[in-house]
Amino acid sequence: MIKVDIQSKSFGAVPVLGAIRFDVSPSHTVALVGPSGVGKSTLLRIISGIDTDFEGAVTRPENQAVVFQEPTLLPWRSTLENLRIIHPELSKKRALDMLERVGLGGAGALFPGQLSLGQQRRLSLARAFVGAPEMLIMDEPFVSLDPETAQIMLTLTKELIAETRPATLFVTHDSREADVLADRVLRLQTGSQGAILTA
Amino acid sequence: MQSPYTRLTPLFSILGLLALWSVAALLTGDAQVLPPPWGLLGPFQQELASGELIRHLGATLSRVIWAFCLAMILGVSLGLAMGRSARLNAWLDPWLVIFLNLPALVLIVLCYLWIGLTEAAAIIAVTLNKVPNVAVVLREGARACDPALDALGQVYRMPWRTRMRHVLFPQLAPFIAAAARSGVAVIWKIVLVVEFLGRSSGVGFQIHLYFQLFDVAMVLVYALSFIGVMLLVEWLILQRLERHVSRWRRA
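Here the protein sequences line up with chains S and H, keeping their order. Counting from 1, position 101 in the first sequence corresponds to residue 100 in numbering that gives the first Met the number 0; the numbering is continuous, with no gaps. Counting from 1, position 40 in the second sequence corresponds to residue 39 in numbering that gives the first Met the number 0; the numbering is continuous, with no gaps.
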């Protein structure tokens with residue numbers, strides 16, 4: 000269960016987020032939508048624990064995973080090592096199975112720089128799901144992909160969420176992605192004291 | 000893939016330097032002032048056979064290694080801390096500027112005056128001369144680190160050691176390599192000054208001795224021998240290490 004109870008978040012004197020309160024139950028998926036620059040990524044950074052400078056409280060499970068807007072891989076480590084460094088308890092067989100599952104079979108020895116953007120995003124997904132997270136945060140995970148690859152990734156993500164069943168919160172600008180993945184949609188909009196949720 | 004011409008260019012360049020030296024020696028016409036390259040073979044063999052050359056090269060190399068290791072450890076730690084903490088940087092930056100502008104000779108003389116003409120004083124003097132340069136390079140390295148990878152380490156709760164080994168140091172590797180290569184080049188020159196002023200062994204001490212005897216050939220024999228040693232260190236250790244840590248870029 001993710002419980003978000005933020006009173007405010009500001010950068011210096013500039014209020015970014017106002018009062019925001021919502022829950023995401025286990026195995027539920029919530030899409031967060033809103034205009035660019037409204038504070039969606041800031042909200043995700045707070046919920047995932049990257050940004051701790053805010054007023055309020057966030058309750059999150061220990062075992063979390065984040066799929067960043069960029070693949071955010073370790074370019075100096077192989078594809079396989081990118082999984083096993085983040086999840087040291089992971090057996091080599093399980094890691095190779097996961098690579099196979101996301102369509103990267105046989106790419107274990109390659110460096111991320113040798114993969115296409117679509118493949119790097121697959122690796123990023125594999126890294127997130129292989130740890131069987133209780134909470135999953137995704138920040139526009141399919142941005143910059145061509146429509147065909149984005150559709151394949153969307154289907155893959157839906158399958159992985161169904162298998163792993165984490166409490167999932169993701170940011171998207173694409174209503175189709177929200178329709179396919181989300182049980183509920185939250186809309187973030189600018190308010191006088193920072194962004195707030197609207198129905 | 001380098002062409003054969005490109006690969007051989009450094010060799011032609013060295014041969015050109017030797018040719019220039021030979022012409023200068025012939026024009027000077029006095030082997031006491033500038034002996035030709037072949038005029039050094041006799042003194043070189045004599046020093047090698049007596050064991051003196053190896054003994055003094057060994058003493059200098061040992062000081063270079065000690066000072067290099069200490070300067071790299073202290074400089075990397077300091078630069079990393081200053082690059083990651085704006086507050087620490089605000090406190091220590093003026094010190095860094097002072098030490099960067101303090102002449103090497105002043106530090107060497109002060110270390111000898113305060114600590115005595117000892118091995119420890121010599122190594123500390125060289126180390127203190129190099130630490131600020133390493134720290135400045137590594138501070139820039141730490142500032143250039145990708146904050147997204149920091150966030151990755153944070154959300155996946157990577158242990159401190161894992162973060163250092165797999166996230167931080169690979170990003171700093173080019174900066175550490177640059178500091179190490181320039182460090183070796185600078186450190187051995189400072190070691191020679193330290194030996195010249197206050198040690199009874201090493202290449203610097205021998206250069207001091209033969210300077211007093213106005214023996215240019217022996218000064219060149221010792222200086223060139225140590226340049227040879229440092230070139231071997233550069234080619235056999237530093238360049239290989241650099242190629243190894245940056246192999247992912249060429250993949």
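Don't be surprised by glycine CBs; every beta carbon is placed ideally from N, CA and C. Please read these numbers as outputs of a predicted model, since none were measured by experiment.
Methionine 97 of chain S: member of the alpha helix (DSSP H) spanning 91 to 100, first to last residue. Judged by their CB atoms, threonine 167 of chain S and threonine 71 of chain S are not nearer to each other than the 8 Å cut-off. By the criterion of a C-beta distance shorter than 8 Å, valine 129 of chain S is surrounded in its chain by Leu82, His86, Leu89, Arg93, Ala94 and Met97, once the five residues flanking it on both sides are discounted. DSSP, reduced to helix, strand and coil, places methionine 134 of chain S within a strand of the structure shown. At least one C-beta of chain H is nearer than 8 Å to the C-beta of proline 74 of chain S. Under the Cβ distance rule, threonine 71 of chain S counts among the residues neighbouring chain H, one pair being separated by less than 8 Å. Of all residues in the stretch 149 to 178 of chain S, none is placed with a Cβ closer than 8 Å to any Cβ belonging to chain H. For aspartate 149 of chain H, the three-state secondary structure derived from DSSP is helix. Collapsing the DSSP output to three states places valine 32 of chain H in coil. Phenylalanine 10 of chain S counts as exposed, since fewer than 16 other C-beta atoms from the protein chains shown sit within 10 angstroms of its C-beta. Taking 8 Å as the CB threshold, histidine 165 of chain H lines the interface with chain S. In the structure shown, the three-state DSSP call for threonine 41 of chain S is helix. Spanning the alpha carbons of isoleucine 226 of chain H and valine 215 of chain H requires a straight line of approximately 16 Å.
Residue contact with chain S for tryptophan 65 of chain H: absent (no Cβ-Cβ distance below 8 Å to any residue of chain S). One finds Trp247 and Ala250 in chain H with Cβ atoms closer than 8 Å to the Cβ of phenylalanine 110 of chain S, taken in chain order. Interface flag for valine 154 of chain H against chain S is set, since a Cβ pair is found closer than 8 Å. Chain H has a Cβ within less than 8 Å of the Cβ of glutamine 63 of chain S. Below the 9 Å Cβ cutoff, chain H contributes no neighbours of glutamine 118 of chain S, its closest Cβ being approximately 14 Å away. For glutamine 68 of chain S, no alpha helix (DSSP H) run applies, since DSSP gives it neither H nor E. The way I'd put it, the stretch 151 to 166 of chain H doesn't touch the stretch 100 to 113 of chain H; fewer than three beta-carbon pairs between them come closer than 8 Å. Within chain H, the residues Thr161 and His165 have their CB atoms less than 7 Å from the CB of isoleucine 84 of chain S, given in chain order.
Within chain H, the C-beta atoms nearer than 7 Å to that of serine 47 of chain S come from Val154, in chain order. The way I'd put it, the stretch 229 to 244 of chain H doesn't touch the stretch 55 to 67 of chain S; fewer than three beta-carbon pairs between them come closer than 8 Å.
In terms of Cβ geometry, alanine 172 of chain H and valine 244 of chain H form a close pair [threshold 8 Å]. Glutamine 45 of chain H is not bridged by DSSP to any residue. Boundaries of the alpha helix (DSSP H) harbouring glycine 140 of chain H: 118 to 142, taken from the DSSP string. Under the Cβ criterion of 8 Å, proline 169 of chain H is counted among the residues facing chain S. DSSP lists S/Ile5 as the beta-bridge partner residues of glycine 55 of chain S. Using a CB distance cut-off of 8 Å, phenylalanine 53 of chain S does not count as an interface residue toward chain H. Looking from the CA of glutamate 69 of chain S, the closest CA among S/Lys2, S/Trp75 and S/Gly117 belongs to S/Gly117. Bounds of any alpha helix (DSSP H) do not take in glutamine 113 of chain S, whose DSSP letter is neither H nor E.
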